[in-house]
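Heads up: the structure comes next, in structure tokens.
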Amino acid sequence: MASTYTLTEHQVLKKKQEKKFTSSKEFLIELSKTLNITITNNQDIDLYFNIIGIDVAIVNSYRRIILSEVSTMAVDEVHMIKNDSVIPDEVLAHRFGMVPFDIDPRAFFTKSSDKFHNNDNETVKFRIEIKNNFTTKEIEKNEQLQYLSVYSDCLKWIPLGQQRVRLVNDPKPICKDILLAKLSQKQEIVADMYCLKSNGMDHAKFSPVATASYKLLSKIEILRDIYGDEAK
């Protein structure tokens, strides 16, 4: 099933498949005999695995599916109530949209229309309400208090309907330390944001991964004996 690519000094040669399949069913039966997937590294935000026994073109199809066809939840609408920061409303809203959230998309329906839906079957609501309340005396004692850093952990989940009962885990940002803005003394940000379900074909913010890539599995063969300086 898998193709072999031979790297010579001046070109790349591909060994053609000898067996031809007459139907997709026959192809899948043969694939089930040779396909082997082994996870080599599985961490919180990284996953590495080997796919053996399949052509690289199909592996690339899997990569493209992961990037653009796997559904996630992301901020799609922002209601900006107050924004005293130097960041324009539309830029700040864009930053909210790029924050990845730990929300199981299987618990929600894709939005049924372009109209705004504030219901617990399609929408997850978050709110940010933060103000730099440090006094002048406090800032004079500690210059680091002049600017208040606003991080993604300031986005608080507001349950809608029966979400608190229905959802197994509380929705939250995956990373708590994403810097969104900085506030000077008395500056304030208040906004409501609504996460909807979609995929990467709609917008990059719905892609479940930052990137997905692959490389060919190497098999090194020594074609001749190597001695002396060449062996070093």
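When we follow this note's numbering, the leftmost residue of the sequence shown carries the number 74, and every step to the right adds one. Backbone N, C-alpha and C fix where the C-beta goes; we use that ideal spot for every residue, glycine too.
- Within the segment 234-268, the runs of alpha helix (DSSP H) at least 4 residues long that lie entirely inside it are, in chain order, 236-239.
- Burial check for Q236: the Cβ neighbour count within 10 Å reaches 16 or more, so the residue is buried.
- For T145, same chain residues with a beta-carbon under 6 Å away, outside a window of 5 residues either side, are P178, F279 and P281 in chain order.
- When C-alpha distances from C268 are compared across E211, T113 and N191, the shortest belongs to N191.
- In the structure shown, N114 adopts extended strand secondary structure according to DSSP, grouped into three states.
- In the DSSP annotation of this structure, S222 is not part of any alpha helix (DSSP H); the continuous beta strand (DSSP E) holding it starts and ends at L221 to Y224.
- In this structure, E195 sits near F181, with a CB-CB distance shorter than 8 Å.
- Here P244 is buried. Its C-beta has 16 or more other C-beta atoms within 10 Å.
- Around the beta carbon of V159, fewer than 16 other beta carbons sit within 10 angstroms, so the residue counts as exposed.
- About 7 Å separates the beta carbons of L290 and I125, which is inside the 8 Å limit, making them a contact pair.
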